[in-house]
Amino acid sequence: MRSVIDALTYWARVIPDQPAIDFAGDIVTSRELDTWADGVAADLAARGVTVGDRVGYLGVNSLEWCAAALGAMKVGAICAPFNHRMLAGELTALVEDCEPALVYCDRDLRPRLDQVHSARGDFAIAEFDVVVRPLRATANPRFRTPIMDHTAPTAIVFTSGTTGRAKGVVFTHASIAGEMHEWSLMEPIEQNGLRVLMVLPLFSAAGIIWGIARTVLHGGTLLLQPGFDPQAALRVLVESRVTTLTGPPILWEQIARVPGFGDADLRHLTTAHVGGARVPSDLVGTWLARGVQLRQLYGQTEIGGSATVMPRTEAADHPDKCGWGGIFTKIRVVDADGTDCAPDEVGEILLRGPGMMPGYWRNDEATRATVVDGWLRTGDLGKLDENGYLTFVDRLKDMIISGGLNISPAEIEQVINELAEVEEVAVISVADEKFGETPAAIVRRTAGLTVAAVIEHCGRNLADYKVPRYVVFVDEPLPRMPSGKIAKREMRETYADVPMTYSKVR
């Protein structure tokens, strides 16, 4: 079957007492995790959940979250994690899209999920601490996992799009296994020696795929944290001898500011990948002084998460480059006509490889627009040098990546446009010291609209991290391209000084 569950069952027999997950000091061994997942699977089956059904997750990082995901995989269900910071209206759209049979949730998020249930009540709700936690200490009989097609979906990871509508990226058993096999060939790991520090949320591809699935497949140890705390992260890096950490530049910058970093022995951190934004050269030097080579990666959820990373031996000399693909993953850069660009000519980045999605969940139109002739159209701009090394230039799409989380400007614009006093609005990314970049709303309005009213309206309709930190009122029409679209690139240049000239509104 070639699945994550096959690996979990195998390692539970081969290395039963090795820690599989260490959640801030609370350790579950391989055998205990396998047995716990058996109990979850049996409970799901008793509730009528079967092969192909979707199971949702709404909660912060926890051992119960991991066990519930692996239990669903044992049943043959499809894991569909939700961002726990989303509001009821945002969650309702995801529930309508994937139609889960059951949604697990944290107790304090139950009221939000109850709101969704009142609007769309055809799914069951199970609280992690009530249903999943008690199964940890139970002698659960082995659950007989049905034989599944390796091309069948096993997870749906929702990613924001430029249209404002979240799209569900489908991961299959084969795409996860293929992706991890490729990376195991390029990033040699001592057997059962993978030790992944995970500070990013489990609902993302970084969490459920590169955290849970990758660690289980390798029979490693997932050093899971409740969230990102720089001091705790540095302590775990040192004391637990972490081998792998991946995250946006802001994560590495904040760890480097922790007192004691300058004396930390981090030479065991052999895989240090940075993605989501360009890596400052001084940051590379800071970590190199501690024996760690930061390496720029490039990828998208649609390609499995990571597509290419700079080789270790060349990363220090070319910190701005992202490598030349993988053993099986290939890169092209093409012009508007789909013709391959000349070396150092900027065009759209295309990818193909074993981790590439078969498509978006129940969205054939978006799939056809994104997967063309076997290549993934990323919507990102880049260039390949004469040796085939990729440099990421800009996002052709307008996505904002704030603290590692994707934010759709179109979604925020749609909400702000609901205010009657708004004539035009454009949401752009501006620099932010803490999060790398953050949303700024440029609004042309009629008289009477206040900044407070805009923020209050956004706060009622959007997750907190999506609410703009800057609101700028303008009197003139917003600049537009000949096509009639707002000239976002021009606006980003015009309003690049917003953080220096305007005060944050939240």
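To get the working numbering, take the position in the sequence shown, counting from 1, and add 520.
Don't be surprised by glycine CBs; every beta carbon is placed ideally from N, CA and C.
Just so we're clear, the structure is a prediction, and the values are computed from it rather than from any experiment.
I'd like to check one pair, residue j with residue i: are the Cβ atoms closer than 8 Å?
| i | j | result |
| --- | --- | --- |
| G845 | T828 | yes |
| L743 | M718 | yes |
| D626 | V575 | no |
| R715 | T741 | yes |
| H670 | I709 | no |
| I936 | K986 | no |
| R551 | D537 | yes |
| A1027 | R632 | Since the first residue shown for the chain is 521 and the last is 1026, residue 1027 is missing from the structure and cannot be characterised. |
| V994 | I948 | no |
| G873 | F848 | yes |
| Y624 | A588 | yes |
| V854 | L871 | no |
| E941 | R965 | yes |
| M830 | Q820 | no |
| G591 | I729 | no |
| T549 | P539 | yes |
Compare the Cα-Cα distances from residue i to each of the options and report the closest residue.
| i | options | result |
| --- | --- | --- |
| L896 | V913, P878, K903, T529 | P878 |
| P746 | L737, G740, V756, G739 | V756 |
| K1024 | E759, M606, Y990 | Y990 |
| Y909 | R852, A588, A639 | R852 |
| R640 | K1008, A621, R653, A589 | A621 |
| H604 | Y577, A592, E584, V595 | Y577 |
| W585 | T529, P721, R734 | P721 |
| L528 | N712, G956, A983 | N712 |
| P654 | F723, I645, L583 | L583 |
| G843 | G727, W772, L904 | L904 |
| E1010 | R1000, P988, V1018 | R1000 |
| I525 | A694, F993, F955 | A694 |
| N981 | V758, I770, F643, E610 | E610 |
| A960 | D783, L939, Y1015 | Y1015 |
| L614 | G979, V689, T665, T555 | V689 |
| W807 | Q820, L817, D783, I823 | D783 |
| V1018 | H977, A592, E953, T570 | E953 |
| M593 | D628, A644, T665 | T665 |
| V736 | A1007, Q934, L553, P988 | L553 |
| A951 | L901, I770, G596 | I770 |
| G902 | Y818, E938, A983 | Y818 |
So, is residue i buried or exposed, given that buried needs 16 or more other C-beta atoms within 10 angstroms?
| i | result |
| --- | --- |
| T833 | exposed |
| E616 | exposed |
| G796 | buried |
| A889 | exposed |
| T683 | For T683, the pLDDT reaches just 47, beneath the cut-off of 50, and the residue's location in the model is therefore unreliable, although a value from the coordinates is still provided. Exposed is the call here. |
| M1020 | exposed |
| N660 | buried |
| L705 | exposed |
| R1026 | exposed |
| S1003 | Unreliable positioning characterises S1003 in this predicted model, as indicated by a pLDDT of 47, which lies under 50. The coordinate reading is nonetheless provided below. By the neighbour-count rule (16 or more Cβ atoms within 10 Å), S1003 is not buried but exposed. |
| R533 | exposed |
| A657 | exposed |
| F667 | First, the residue type needs correcting, since residue 667 is Ile and not Phe in the sequence shown. Classification for I667: exposed. |
| G956 | buried |
| E906 | exposed |
| D893 | exposed |
| G681 | Because G681 sits at a pLDDT of 48, beneath the cut-off of 50, its placement in the model cannot be relied upon, and the following sentence gives the value as read from the coordinates. It counts as buried. |
| R734 | buried |
| E1013 | exposed |
| S801 | exposed |
| A967 | exposed |
| T570 | exposed |
| A862 | exposed |
| G568 | exposed |
Consider the Cβ of residue i: report whether some Cβ of chain D lies at a distance smaller than 8 Å.
| i | result |
| --- | --- |
| M919 | Looking for chain D here will not work: only one protein chain is present. |
Tell me, which residues are paired with residue i by DSSP?
| i | result |
| --- | --- |
| N926 | I921 |
| M718 | L744 |
| L765 | A792 |
| G731 | For G731, which the question treats as bridged, DSSP gives no partner whatsoever. |
| A951 | E957 |
| A646 | Y624 |
| K1008 | K1008 pairs with nothing; no bridge assigned. |
| T549 | P539 |
| M614 | A quick correction: the sequence has Leu, not Met, at residue 614. Paired residue(s): none; L614 is not in a bridge. |
* Asked: Is the segment 544-560 close to the segment 759-773, with three or more CB pairs under 8 Å?
  -> The segment 544-560 is not in contact with the segment 759-773.
* Sufficient close CB pairs (3 or more, under 8 Å) joining the segment 835-845 to the segment 853-861 -> Judged by pairs of C-beta atoms under 8 Å, the segment 835-845 does not touch the segment 853-861, as fewer than three such pairs exist.
* **Touch test, the segment 915-922 against the segment 966-979, Cβ-Cβ under 8 Å, three pairs minimum** => These segments do not touch.
* Per the contact definition of three or more C-beta pairs closer than 8 Å, is the segment 861-868 in contact with the segment 879-891? -> The segment 879-891 is not in contact with the segment 861-868.
* Mind the definition here: the segment 685-699 touches the segment 641-649 only if three or more C-beta pairs lie below 8 Å; say whether that holds. => Contact between the segment 685-699 and the segment 641-649 is absent: fewer than 3 CB-CB pairs across the two stretches fall below 8 Å.
* For the segment 882-890 against the segment 924-933, are there 3 or more C-beta pairs whose distance is under 8 Å? -> Judged by pairs of C-beta atoms under 8 Å, the segment 882-890 does not touch the segment 924-933, as fewer than three such pairs exist.
* Asked: With a cut-off of 8 Å, do at least 3 Cβ pairs link the segment 787-802 to the segment 811-825?
  -> Yes, the segment 787-802 is in contact with the segment 811-825.
* Asked: Taking three-plus beta-carbon pairs below 8 Å as touching, is the segment 671-678 in contact with the segment 599-610?
  -> Using a Cβ-Cβ distance cut-off of 8 Å, the segment 671-678 and the segment 599-610 are in contact, since at least three pairs of beta carbons, one from each stretch, lie closer than that value.
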